[in-house]
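Residue numbers (mature numbering (1 follows the signal peptide of the UniProt record, and there is no 0)): -20 to -1, 1 to 284.
Glycine included, each C-beta is placed from N, C-alpha and C at the ideal position.
Everything on this sheet refers to the single structure shown next.
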């Protein structure tokens, strides 16, 4: 009986470790509250709505603006190596820091931040599972005063272009000149071409539809009702049903690259697939000349 009991305990531990695998890249709200005073923890909010951080934020967090801090403000690109390293040092990030990112709007921009961190080879970066909304819903502590951290010493590597998809990469897939799977994570109406953009969003593309051959798996299918990611097994089934099983490289895209970063995170970090994010997304592709477009709704040109 003791041997059987030991085997059962061992089996349960193995199962537990399998379910805990995403903790390499995710932290729970409970874990964060218990570890919030760890001096090696650097907490960074990446929200999109103005004033959200200033009104209140998780204690100890610093604020990164997606529109200015994580992008090049002169050309459409991510922040330069020099500027990004300076940003991280000013945020108190050291070479041995554990970085936890979170934000509003379903963690979309926090996931985009995680993608930029990945491009520059920053280690030990995690997302707060469920983001700011879950933290607030659970009535966990918030602060209105921002503490300025001591300068950090992190040194980052040059950007890795292999982690980023370009227009030429997705055109090659659309024209069946490469063995890459495309995942369009927008809503079904955006994918079909019925609408050009989500409700209330000013559209920046002149054509509607999707990149030929792309599978449509809206980003929201990857999360539970509280905004946390579904289990690894659930995620595998969801994407496999759309033909995305990790057997070939994947490129994710949306409208401006932030929602697709969320799916990039699920596929690359949680499932371990070979995935790139196409941050040009539909605002670039839908305005490009000479590229193929699949439009199921017929609204191909200028909304007509």
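Coarse secondary structure for residue i, derived from DSSP in three states
{"i": "residue 118", "result": "coil"}
{"i": "residue 274", "result": "strand"}
{"i": "residue 188", "result": "coil"}
{"i": "residue 279", "result": "coil"}
{"i": "residue 242", "result": "helix"}
{"i": "residue 99", "result": "helix"}
{"i": "residue 146", "result": "coil"}
{"i": "residue 5", "result": "coil"}
{"i": "residue 106", "result": "strand"}
{"i": "residue 43", "result": "strand"}
{"i": "residue 176", "result": "coil"}
{"i": "residue 51", "result": "strand"}
{"i": "residue 203", "result": "strand"}
{"i": "residue 141", "result": "helix"}
{"i": "residue 135", "result": "coil"}
{"i": "residue 63", "result": "helix"}
{"i": "residue 214", "result": "helix"}
{"i": "residue 93", "result": "helix"}
{"i": "residue 261", "result": "helix"}
{"i": "residue 111", "result": "helix"}
{"i": "residue 153", "result": "helix"}
{"i": "residue 13", "result": "helix"}
{"i": "residue 267", "result": "coil"}
{"i": "residue 29", "result": "coil"}
{"i": "residue 169", "result": "helix"}
{"i": "residue 247", "result": "helix"}
{"i": "residue -6", "result": "Any reading at residue -6 needs caution, since the residue's pLDDT is 30, under 50, leaving its predicted position unreliable; the model's value is listed next. The answer is helix: DSSP assigns residue -6 an H, G or I state."}
{"i": "residue 159", "result": "coil"}
{"i": "residue 220", "result": "helix"}
Residues bridged to residue i [DSSP beta-bridge criterion]
{"i": "residue 196", "result": "164"}
{"i": "residue 78", "result": "21"}
{"i": "residue 256", "result": "231"}
{"i": "residue 123", "result": "37"}
{"i": "residue 58", "result": "51"}
{"i": "residue 209", "result": "203"}
Inter-residue CB distance, residue i and residue j (contact presumed, cutoff 8 Å)
{"i": "residue 240", "j": "residue 261", "result": "6 Å"}
{"i": "residue 80", "j": "residue 32", "result": "That belief does not hold up - the Cβ atoms of residue 80 and residue 32 are roughly 17 Å apart, past 8 Å."}
{"i": "residue 166", "j": "residue 266", "result": "Not confirmed; about 11 Å, so no contact."}
{"i": "residue 231", "j": "residue 258", "result": "5 Å"}
{"i": "residue 162", "j": "residue 233", "result": "7 Å"}
{"i": "residue 277", "j": "residue 173", "result": "4 Å"}
{"i": "residue 272", "j": "residue 154", "result": "5 Å"}
{"i": "residue 136", "j": "residue 101", "result": "6 Å"}
Residues near residue i by beta carbon distance below 7 Å, same chain, minus five either side
{"i": "residue 171", "result": "164, 190 and 196"}
{"i": "residue 250", "result": "2, 5, 209, 212 and 215"}
{"i": "residue 183", "result": "176 and 177"}
{"i": "residue 16", "result": "39 and 40"}
{"i": "residue 138", "result": "61"}
{"i": "residue 185", "result": "176, 262, 263, 266 and 267"}
{"i": "residue 199", "result": "165, 239, 242 and 243"}
{"i": "residue 76", "result": "20"}
{"i": "residue 275", "result": "173, 188 and 189"}
Neighbourhood of residue i by C-beta, 6 Å cutoff - its chain only, sequence neighbours within 5 removed
{"i": "residue 114", "result": "9, 206 and 207"}
{"i": "residue 270", "result": "none"}
{"i": "residue 124", "result": "36"}
Cutoff 8 Å; reference residue i; Cβ partners in own chain excluding five residues on either side
{"i": "residue 159", "result": "228 and 229"}
{"i": "residue 29", "result": "84 and 85"}
{"i": "residue 59", "result": "49, 50, 51, 52, 67 and 96"}
{"i": "residue 224", "result": "161, 163, 195, 197, 230, 247 and 253"}
{"i": "residue 44", "result": "24, 25, 26, 50, 67, 71 and 93"}
{"i": "residue 218", "result": "197, 201, 202 and 210"}
{"i": "residue 127", "result": "40"}
7 Å Cβ cutoff met for residue i and residue j
{"i": "residue 144", "j": "residue 256", "result": "yes"}
{"i": "residue 285", "j": "residue 69", "result": "Given that the chain is displayed from residue -20 to residue 284, the structure contains no residue 285 and the question cannot be resolved."}
{"i": "residue 134", "j": "residue 203", "result": "no"}
{"i": "residue 85", "j": "residue 21", "result": "no"}
{"i": "residue 82", "j": "residue 91", "result": "no"}
{"i": "residue 50", "j": "residue 96", "result": "yes"}
{"i": "residue 71", "j": "residue 42", "result": "yes"}
{"i": "residue 99", "j": "residue 63", "result": "no"}
{"i": "residue 107", "j": "residue 36", "result": "no"}
{"i": "residue 112", "j": "residue 13", "result": "no"}
Closer than 7 Å to chain B by CB, residue i
{"i": "residue 196", "result": "The chain inventory of the structure shown lacks chain B, comprising one protein chain alone."}
Any non-hydrogen atom of the ligand NAP closer than 6 Å to residue i Cβ
{"i": "residue 221", "result": "Summarising the ligand content, the structure contains no ligands, and the ligand NAP is consequently not present."}
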